[in-house]
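Participant: Dumping the structure here so I can ask a few things about it.
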Amino acid sequence: MRKLIFIVSSLLLFLSLSSPRGFSQMSPGDSPEETAERLQLRIDSIKSLSFTFNQQTRGEMTGRPRKGSGRAIFYKGNSKSFMRWDYISPDKQVIVSDGNVFSMYFENLNQMIVTPAENFEKELTYSFFTGNGNLKKNFHILPPNQEYSGPIENSRVIKLVPIQPHPQVQDIHLWVTESSLIRRMTIRDHFGTLTILNFSDIQVDTLAEADKKTLQSIFSFTPPDDTEIIEQ
């Protein structure tokens, strides 16, 4: 779960960290490469992004399918980026980063793991945090697998395969809407475990004019006093 949260967070942060540019609406004949370019251009223009998510993980290595849900929010600053995931089910978890410190709180374990964000600088997925990631440079952009090829909610599906082998990701499928936002994401690891995330109530730029105090209150978390703090 912890590795998965980092991967998903990293990918979504990457898709929101570059310099603003224009974007275009989806065309009927868009290729996977054109869809990916349109997606990156669209998200590049966003200052903040929030959404409700529902997650399901299934596969031979996981036993019974596991589910989770909650709310996430991202903010792109001038020199660093912020994120927060609040899982409300099945257990409370808070994953938050202010661009300097990455913290993961697990209520059922009564623990919070704290690590400098710079520890991940050499990780492929961490490049998404810094805005150095690029879809075309980091992924092969392909048509979707056959089981995902049908139309879903006026979205176009593309498949991403890491150009450099990644220890936790075999491939990713993205459902990109007409307005070039991600509606659904699937992540498959090398054991065939599949994680499906559906996003709803997507809100764009609600924090565009937020002041420093507001950002600090959102992108920080103080655990209960008896929480075990593990520094890595």
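For the sequence shown, the positions run 227 to 458 when the numbering used here is used.
Idealized CB from N, CA, C, for every residue including glycine.
For HIS399, which option in GLN266, LYS438, LYS293, ILE413 has the closest C-alpha, if you only look at C-alpha atoms?
Facilitator: Checking every option, the nearest Cα to that of HIS399 belongs to ILE413.
Participant: Over the uninterrupted beta strand (DSSP E) stretch that includes LYS439, give me the two end residues.
Facilitator: It is not in any beta strand (DSSP E) - LYS439 instead sits in the alpha helix (DSSP H) that spans 438–444.
Participant: For ASP397, count the other beta carbons within 10 Å of its own beta carbon; 16 or more makes it buried, fewer makes it exposed. Which is it?
Facilitator: Classification for ASP397: buried.
Participant: Please report the straight-line C-alpha distance between LYS318 and GLU344, rounded to a whole angstrom.
Facilitator: Using only the alpha carbons, I get a separation of about 26 Å.
Participant: What are the residues that DSSP puts in a beta bridge with HIS366?
Facilitator: VAL387, per the DSSP bridge assignment.
Participant: When you compare only the Cα positions, how much space is there between GLU333 and THR419?
Facilitator: Rounded to the nearest angstrom, the two C-alpha atoms are 25 Å apart.
Participant: By the three-class DSSP mapping on this structure, what secondary structure does ASP270 have?
Facilitator: Three-state result, ASP270: helix.
Participant: Tell me which residue opens and which closes the beta strand (DSSP E) that GLU454 is part of.
Facilitator: GLU454 -> beta strand (DSSP E) spans 454–457.
Participant: Verify whether the separation of the beta carbon atoms of PHE279 and GLY296 is less than 8 Å.
Facilitator: Yes, these two residues count as a Cβ contact at 8 Å.
Participant: If you scan the segment 265–332 from start to end, which runs of the beta strand (DSSP E) of 3 or more residues do you find wholly inside it?
Facilitator: Within the segment 265–332, the complete beta strand (DSSP E) runs of at least 3 residues are 274–285, 289–302, 307–315, 319–323, 327–332.
Participant: Locate the beta strand (DSSP E) running through THR432, then write down its first and last residues.
Facilitator: No beta strand (DSSP E) contains THR432, which DSSP labels as neither H nor E.
Participant: If you draw a straight line from the C-alpha of ASN326 to the C-alpha of LYS302, how long is it?
Facilitator: If you take the alpha carbons of ASN326 and LYS302, they lie about 13 Å apart.
Participant: Taking the DSSP output, what are the residues bridged to ASP256?
Facilitator: DSSP output for ASP256 lists no bridge partner at all.
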